[in-house]
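K.L.:
Going by this note's numbering, the sequence shown opens with residue 164, and the numbers climb by one from there. The beta carbon of each residue, even a glycine, is placed where N, CA and C say it ideally should be.
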Amino acid sequence: MKITLIHGQNHKGSTYHIARLTAEKTGGDIEEFFLPKDFSGGCAGCHACLNKGREFCPRAEQVSPILNSMLASDVIIIGSPTYIMEMTGHIKCFLEHIFTLWLPHRPEEAMFSKTAVVISTAAGAGMKNVVKSLARQMFYLGIPKIYKLPFRVMAASWDGVNEKTKKKIDIKTDRTARKIIAKNKKASPGFKLKFLFNMMRKSQMNNDYALLDREYWEEKGWLGSKRPWK
164 MKITLIHGQN
174 HKGSTYHIAR
184 LTAEKTGGDI
194 EEFFLPKDFS
204 GGCAGCHACL
214 NKGREFCPRA
224 EQVSPILNSM
234 LASDVIIIGS
244 PTYIMEMTGH
254 IKCFLEHIFT
264 LWLPHRPEEA
274 MFSKTAVVIS
284 TAAGAGMKNV
294 VKSLARQMFY
304 LGIPKIYKLP
314 FRVMAASWDG
324 VNEKTKKKID
334 IKTDRTARKI
344 IAKNKKASPG
354 FKLKFLFNMM
364 RKSQMNNDYA
374 LLDREYWEEK
384 GWLGSKRPWK
């Protein structure tokens, strides 16, 4: 099993430790990225990725290693501490750079068999909002199975988290890892994802404004009976 582990921060706080713990319990080859060390900068809104291709993005050299790892992995784990009740700006900036993989644009077949785990911590509140937002991003990438792990840690550092909370974290991450292992490479789209895909298919049939997207769907055969899952 291959795991892509993306941290929304450089420091190794509670979110880092929980994400790392989840990856290690799941087992396999872990490729790890830290934002903003491995990626920084916001989307310029140049539309190069949309109209020409992702390789024309001004930050393609930074995006490609992380995206290629995601495409090659079985499990994607993303951890973001809660900043002003939201995911970190670094995570959002990266996700902005891969929006052309969304279902309305040019989704990748590889995403339709993956599992994702989204993790967030907060001293008080906001972590549920963050995992909900991250899960939505994973869904629109076509990932069929997504686990959400929000934790209120009531501490500013991992060392400050009390043992009772750490026990709850250990139980929940252990349960999640066991589920992933049991269903290794067996994730498949459910009704909601298939319904959205078919809605986008109909939209692409009448697409006369984002021609690269339509050409992509035509080349894949998705405007006919072919689908990106078995």
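Assuming contact is defined by CB atoms lying nearer than 8 angstroms, are H174 and G242 in contact in what I supplied?
P.N.:
Here residue 174 refers to the residue found at position 11 of the sequence shown. Here residue 242 refers to the residue found at position 79 of the sequence shown. Contact: no.
K.L.:
I'd like to know if the region 348-356 and the region 203-211 are in contact, where contact means that at least 3 CB-CB pairs between them fall below 8 angstroms.
P.N.:
no
K.L.:
Grab me the residues of A279's own chain with a C-beta within less than 6 angstroms of its C-beta, minus the 5 sequence neighbours each way, in chain order.
P.N.:
Against the sequence shown, residue 279 aligns to sequence position 116. For A279, the CB contacts under 6 angstroms within the same chain, skipping 5 residues up- and downstream, are I239, M301, I306, I309 in chain order.
K.L.:
Quick one: using the 10 Å Cβ neighbour count with 16 as the cut-off for buried, is Y372 buried or exposed?
P.N.:
Counting from 1 along the sequence shown, the entry for residue 372 is found at position 209. Around the beta carbon of Y372, a 10 Å sphere encloses fewer than 16 other beta carbons of the protein chains shown; the residue is thus reported as exposed.
K.L.:
What alpha helix (DSSP H) runs, 4 residues minimum, are completely inside the region 282-315?
P.N.:
Qualifying alpha helix (DSSP H) stretches, in chain order: 290-303.
K.L.:
Using three-state DSSP, classify T167 as helix, strand or coil.
P.N.:
As a working note, residue 167 is residue 4 in the sequence shown. Assignment of T167 by DSSP, reduced to helix, strand and coil, places it in the strand class.
K.L.:
Report the partner residues of I240 according to the DSSP bridge assignment.
P.N.:
Mapped onto the sequence shown, residue 240 falls at position 77. Looking at the DSSP assignment, I240 forms a beta bridge with L168, V280.
K.L.:
According to DSSP, I343 sits in a beta bridge with which residue or residues?
P.N.:
Residue 343 sits at position 180 when you count from the first residue of the sequence shown. As DSSP reads the structure, I343 sits in no beta bridge.
K.L.:
To which residues does DSSP link F197 through a beta bridge?
P.N.:
By 1-based counting over the sequence shown, the position of residue 197 is 34. The partner list for F197 (beta bridge, DSSP) reads H170.
K.L.:
With distances taken from CA atoms, which of Q172, T339, M274, H268 is nearest S351?
P.N.:
Sequence index remark: in the sequence shown, residue 351 carries index 188 (1-based). Nearest of Q172, T339, M274, H268 to S351, Cα basis: M274.
K.L.:
Restricting to Cα atoms, I'd like to know which of T284, F262, L264, N231 is closest to Y246.
P.N.:
Reading the sequence shown from its first residue, position 83 is the one you call residue 246. Considering only alpha carbons, the answer is T284.
K.L.:
In angstroms with no decimal places, state the Cα-to-Cα distance between E195 and E249.
P.N.:
In the sequence shown, counting from the first residue as 1, residue 195 sits at position 32. In the sequence shown, counting from the first residue as 1, residue 249 sits at position 86. Taking the Cα positions, E195 is about 22 angstroms away from E249.
K.L.:
Can you tell me where the alpha helix (DSSP H) with G205 in it begins and where it stops?
P.N.:
Reading the sequence shown from its first residue, position 42 is the one you call residue 205. No alpha helix (DSSP H) contains G205, which DSSP labels as neither H nor E.
K.L.:
How many Å lie between G384 and S177 at the Cα?
P.N.:
As a working mapping, residue 384 is identified with position 221 in the sequence shown. As a working mapping, residue 177 is identified with position 14 in the sequence shown. Taking the straight line from one Cα to the other gives about 45 angstroms.
K.L.:
Per DSSP, which one or two residues make a beta bridge with E249?
P.N.:
In the sequence shown, counting from the first residue as 1, residue 249 sits at position 86. BP columns for E249 point to Y246.
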